[in-house]
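Numbered per numbering that gives the first Met the number 0, the sequence shown finishes at 131, counting up by one with no gaps.
Where a beta carbon is used, it is the ideal one built from N, C-alpha and C, also for glycine.
Source: prediction; values computed, not measured.
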Amino acid sequence: MKYPNLLEQYVRKNLDSAIPFSETRNYFFHEVSDHHRSVGAPADTLPALFDYQQAPPDSRVWEPLYYFVEHDLENVLTKYTERMRETLRSWLERDYVQKIANEMDAMLVQCDFDVEELDKQRERNAALYDND
Numbered sequence: 000m001k002y003p004n005l006l007e008q009y010v011r012k013n014l015d016s017a018i019p020f021s022e023t024r025n026y027f028f029h030e031v032s033d034h035h036r037s038v039g040a041p042a043d044t045l046p047a048l049f050d051y052q053q054a055p056p057d058s059r060v061w062e063p064l065y066y067f068v069e070h071d072l073e074n075v076l077t078k079y080t081e082r083m084r085e086t087l088r089s090w091l092e093r094d095y096v097q098k099i100a101n102e103m104d105a106m107l108v109q110c111d112f113d114v115e116e117l118d119k120q121r122e123r124n125a126a127l128y129d130n131d
């Protein structure tokens, strides 16, 4: 059995991803979709996973933003979108690179490229998913 088939079987058996395998075979996206779905967050398209205004605070979609802030501080801010597109091209098989890079860039600008501001945004998003 080939890896793509094993991956698809594993995801179907162990995750509740709303992303079709025809859309992506990337495990990260299926894992994120499963988590978003479990808390009622948008989970059915790749761009929806990266809607940072609605992303759950414990979603892995926040990880790339922290990476860019913590490891690329020496870059000129206007280069962030292109760097994000370059990074995303290695993850994505479809046409969502620009849209997701724009979402990342918008959130980084909104948070002024600051880790503490990213943390605050994640905390604000927690209120969307509090079930208490």
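Using only the alpha-carbon positions, how far apart do residue i and residue j sit?
i       : j       : result
Arg-59  : Phe-28  : 9 Å
Val-108 : Ala-47  : 19 Å
Glu-22  : Arg-123 : 30 Å
Tyr-9   : Leu-127 : 30 Å
Met-106 : Tyr-51  : 7 Å
Once DSSP output is grouped into helix, strand and coil, what is the label at residue i?
i       : result
Leu-14  : coil
Asp-111 : coil
Gln-8   : helix
Asp-104 : helix
Gln-120 : helix
Gln-52  : coil
Phe-67  : helix
Would you grab the beta carbon distance between residue i and residue j for me? Rounded to a whole angstrom, and I think it's under 8 Å.
i       : j       : result
Arg-121 : Pro-56  : 4 Å
Leu-157 : Leu-117 : There is simply no residue 157 to check, as the chain begins at 0 and stops at 131 in what is shown.
State the start and end residues of the unbroken alpha helix (DSSP H) segment that holds residue i.
i      : result
Ser-37 : 26 to 38
Is it buried or exposed for residue i, if we count other Cβ within 10 angstroms and need 16 for buried?
i       : result
Leu-45  : buried
Val-114 : exposed
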